[in-house]
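Since the structure comes first, as structure tokens, the remarks are kept for the end.
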Amino acid sequence: MKRKHLSDNLWGFAFIAPSLLLICVLNLWPVVENLYYSLCKMKGFAKPVFIGFTNYITAFSDGEIGQAFLNTLFYTLLTVPIGVLLSLVTACFLNTGIKGKGFFRTLYYIPVVSAPVAVAMVWKWMFNDEYGIINYILKALGLSTLNWIADGNVILFTLAIIGIWGMIGYNMIILLSGLQSIPKSYYEAAEVDGAGAVKQFFSITIPLVSPALFFVIITTFISSLQVFDSVYMIVSETNPAFQNGESIVYLFYRYMFNVSNKGYGATIGTLLLLVILLFTCVQMKSQRKWVLYQ
Amino acid sequence: MRKLLSLVLCLALLTCTISTVALAEAPTKLTIALWDDSQVSGIQMMVDKFMQDNPSISVEIQCTPWAQYWTSLEAAATGGTLADVVMMHPEKVTAYAEGGMIASLDDMAASGAIDMSKFPQNIVKDFTVDGVKYGVPKDYSTFGLWYNKDLFDAAGVAYPTADWTWDDLYNAAVKLTDKANGVYGFIARYDTNDGAYHFIWQNGGDIINADQTASGFDDPATIGAIEYMVKFVKEGLSPTAADLANTDANSLFLSGKAAMQIAGSWNCSAFAAASDMKLDVAELPQGKQRACLCGGMGWVLNAADADNAAAKQLLSYLAGYDANVIQAQSGVAIPAYNGSQTTWVQSWSQFNAQAFVNAASYGYSSQYCTTRSEWVNIESKWMVKVFNLEISPEEGCKSAAQEINAVLAK
Amino acid sequence: MQKGIQRHNWPVYVLLALGCIIMVFPFLWSVLTSFKTLNESLKVPPTFLPVSWQFSSYTDVVTAYPFLMFFINTFGMIIIRLAITLLISAMAAYAFARIPFFGRGMLFLLCLIPMMVPSQIFIYPQYMLAVKLKITNSVLGLALPGIASTFGIFMLRQHFMTIPDSLEEAAILDGCGRGRIFINIMLPLSKTPLVSLGIFTALFAYKDLMWPLICNTKIEAMTLSSGLAYLQGQYTTKYPQLMAGSVIAMLPMILLFIVLQRQFVGGIATAGLK
């Protein structure tokens, strides 16, 4: 038994060694460096000066960071459940025996490869308060229109719609590959037992796709907490809704570039890391309750 | 196996020989870094002329788009791979100078290799850090009052002239506004140095005091200028900040939805492409005095090249009349060298482009540059509220001044 | 499920088609914009179909930029990243999922940390590394940041955890070592997830904009997406050319997906497992 332990340890480390080594050099070292910078005052090209927790103390009294965190959390809680559910439903539909599913899959994948500028341009036009197609439809249906882009109460919903739209293509690929591992015989057996499509979905599909689903939830959670592109392209600083739409990574970028107060930027990055780490650990712990392995 | 080995050896030898030969004959290699893709062809022409005159030097242009330029430059500077001659922005020069990344040009200016007297002095000053000159003015941009002739003709209003006052602008905007068709008379947008700063200076106010220790936003003259601009928004002669967030100023202007807007000299090519419209430009209307932002870009020299004769020669060439005239021909940016601007004006014969060159004579410099990045977002935050008619100009200006002063005190 | 849907599957088609319109609309919009003039592309209210169809944006873009080099660099980068990432991620994922070794949980969490910070913080350190390795302005430099993938490890780990223990146990009883199990049992069962990871690796490489522009300063060393960034000026964006360029750049990525997604059909079920 002891020998097996030893060999497992040896094999385990040997298998992870190449990845771990590269990740340490390419990714983890910069994270550690960033951690150090967050404790420093950095201006221009001058050497970082260690200042202890000053940046963190400033951050906790900085209303803008608080607001940006709230915006980002709200966006995430809006985007992840709806987005993941839609992705799952889409993936299930595209995994059935419908005609032309390859064609449909390709079309659903297209947003993923679209140029971000093209995406931003189209959404900006569609959400335009005066000329946009969305307000046009709302008007035609006799509903009141919204100022999707410049109203602080609406902007996070606008960003969430764009976020959900952008994630379906990614998640679809992962969920489709998860769905592939469900043996068809399970469905056939359920059919014989007289289980309907809905029952099959909940008692076969969800449990068996749960490892892939878990992955999708964690990654969309992380990427939603790091939302940047759509904010950058839709909400500029001259937009009245800016404060209600600014995300934490947007703020991070602003300090890293425009303000050249990098130590503070590093602090924001570290705080974000801590928040995401906390969420991820909670999800990792709670997965035992619902994720079915093998 | 042995065959393979000898083949590899042969190849290695061959490469060595080739590279040593290449090394022996290789001319001195220099690189220029810049961000504007539309200037590459013009600068390539300048460089070609330089290489023709100096066959022992070869120059390569490295262009990085604006959105990634500063990240790229910073990485290069820290990694020791900075280009020899770099296009620099006045807001960034202090960091590079204080960080020891770029070389002092005082010696070159003293020896006459660069004649600093040939450039607008406010731009020379923008690139002077602690009394040391670090940059050669490359080009500058000024602003003009762009207008749509068709809308003026339809409303029977005379075209703007260089003598217009604030009242003329307001009266014309009233006549040109056509609410039924969604046409605005004038776009009064905040947009810091693109929009409001001209008015503030024209009213005798300022953004910040000379030694950058106090904000100028609580100055009554500054508040007065903002009040003047907001009047357009209040009366529906101009779109609000929310309207502009939905549809930007150039889109409104190029769609015939706005009769006038203030826009920079770099718009010539975009507006010239709108061949179905009759557009032109006049000098900015004047308030208590004439004023217009005149922001310039510069060339700086890598600190590692402080003793590199070839790099200095290139910089000296770029600072000369000939190079500036070549730059002017491309029409992209107004060359900084006095007297070379005529060529640029001729390249935009369809517009009154001389207005932009005239504006340089009363051009205000961006003297707020070193600290600007620390407070411009505060200014933006309050002014957007003002221009969205959420708070009064006075409240917005005073709040902005208070917060900016707190930042400057640190 | 399959039959259940087939019986009355028209609502599915309607829903899918509706979804498609929303998903494809921005792409359609970029195609249409690429045929407009710059002036028309800025007009409000926007025109849907171009007033007059201009093909000049395509010829402009193709003649102004070395697109062939962009393609070669992009695919060079993708191939290097694919070759390394797929192998080492699968190895690490297998270990994290199925080999009980010391500190496994903590090390796995450590591997996930890079996903949790804004990618900006990697750029300067990675650039310094590329300078030291003297691989700036090369395809190797382009590939560098993407050769290890936390995303891939996590994704494949999830997959390996679904494979029944019985298979591995039987192999161990037969005297198979971990290496043999990995190559002979695990990899063949992982075709679909590996293909998905391949798609993602290609996608991330293709979409990366900042790194190629930092690492490679020469235009002929650019990738498709970073090459397109040139069309976004500081002041005016040349929308029609930008759209034309992005359409040209997208096509091979769509083609790649069409080819690869065929591998989605089958997977474990037809591999004769269970």
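Chains as they are written, first to last, in my numbering: chain A, 20 to 313; chain B, 159 to 568; chain C, 5 to 278. Built from N, CA and C at the ideal position, the CB exists for glycine as well. Because the structure is a prediction, the values reported are computed rather than measured.
Three-state class that DSSP yields for residue i in the structure shown
i              : result
residue 246(B) : strand
residue 221(B) : strand
residue 230(A) : helix
residue 31(A)  : helix
residue 493(B) : strand
residue 76(C)  : helix
residue 130(A) : helix
residue 221(C) : coil
residue 484(B) : helix
residue 291(B) : strand
residue 477(B) : coil
residue 57(C)  : coil
residue 170(C) : helix
residue 242(C) : coil
residue 188(B) : strand
residue 292(A) : helix
residue 373(B) : strand
residue 272(B) : coil
Chain-ordered chain B contacts of residue i [CB-CB under 8 Å]
i              : result
residue 257(A) : 347, 348, 349, 399, 402, 403, 538, 542
residue 135(C) : 237, 238, 239
residue 276(A) : 228, 229
Beta-carbon neighbours of residue i, restricted to chain A and to distances below 9 Å
i              : result
residue 226(C) : Result: empty, since nearest Cβ-Cβ is about 15 Å, beyond 9 Å.
residue 212(B) : Within chain A, no residue comes near residue 212(B); the closest Cβ sits about 31 Å away, beyond 9 Å.
residue 180(C) : Under the 9 Å cutoff, chain A gives no residues; its nearest Cβ is about 12 Å from residue 180(C).
residue 219(C) : Simply none; closest approach about 13 Å.
residue 256(B) : 62, 63, 64, 65
Cβ neighbour criterion (16 or more within 10 Å) applied to residue i
i              : result
residue 470(B) : buried
residue 82(C)  : buried
residue 118(C) : buried
residue 163(B) : Bear in mind that the predicted position of residue 163(B) carries a pLDDT of just 47, short of 50, making it too unreliable to give a figure here.
residue 207(A) : exposed
residue 180(B) : Per-residue confidence for residue 180(B) stands at a pLDDT of 44, beneath the threshold of 50, marking its modelled position as unreliable; the derived number appears in the next sentence. That one is exposed.
residue 99(C)  : buried
residue 231(C) : buried
residue 120(C) : buried
residue 182(B) : Only weak support is given to the placement of residue 182(B): the predicted model assigns it a pLDDT of 45, under 50, and the question is left unresolved by the model.
residue 166(C) : buried
residue 281(A) : buried
Bridge partners - residue i, DSSP secondary structure assignment
i              : result
residue 555(B) : The partner list for residue 555(B) (beta bridge, DSSP) is empty, contrary to what the question assumes.
residue 59(A)  : 69(A)
residue 298(B) : 454(B), 492(B)
residue 112(B) : Residue 112(B) is absent from the structure shown; chain B starts at 159 and stops at 568.
residue 437(B) : 306(B)
residue 355(B) : Paired residue(s): none; residue 355(B) is not in a bridge.
residue 336(B) : 341(B)
residue 418(B) : 305(B), 344(B)
residue 459(B) : 243(B)
Interface residues of chain B facing residue i [CB-CB closer than 9 Å]
i              : result
residue 261(A) : 403, 538, 539, 542
residue 168(A) : 400, 403, 404
Supposed contact pair residue j and residue i - C-beta distance, whole angstroms, cut 8 Å
i              : j              : result
residue 194(A) : residue 291(A) : Not confirmed; about 27 Å, so no contact.
residue 245(B) : residue 455(B) : 6 Å
residue 381(B) : residue 552(B) : 5 Å
residue 545(B) : residue 398(B) : 7 Å
residue 90(C)  : residue 183(C) : Not really, about 17 Å apart at Cβ, beyond 8 Å.
residue 260(B) : residue 298(B) : Not confirmed; about 20 Å, so no contact.
Beta-carbon neighbours of residue i, restricted to chain C and to distances below 7 Å
i              : result
residue 52(A)  : 129
residue 195(B) : 234, 237
residue 321(A) : Residue 321(A) lies beyond the stretch modelled for chain A, which goes from 20 to 313, so this question has no answer here.
residue 505(B) : Correct list: empty, because the minimum Cβ distance to chain C is about 17 Å.
residue 126(A) : 24, 27, 28
Residue i: contacting residues in chain A (beta-carbon distance under 8 Å)
i              : result
residue 259(B) : 64
Contact list for residue i against chain A, beta-carbon separation under 7 Å
i              : result
residue 200(C) : 192, 193, 196
Neighbour list for residue i in chain B, Cβ cutoff strictly below 7 Å
i              : result
residue 148(A) : 404
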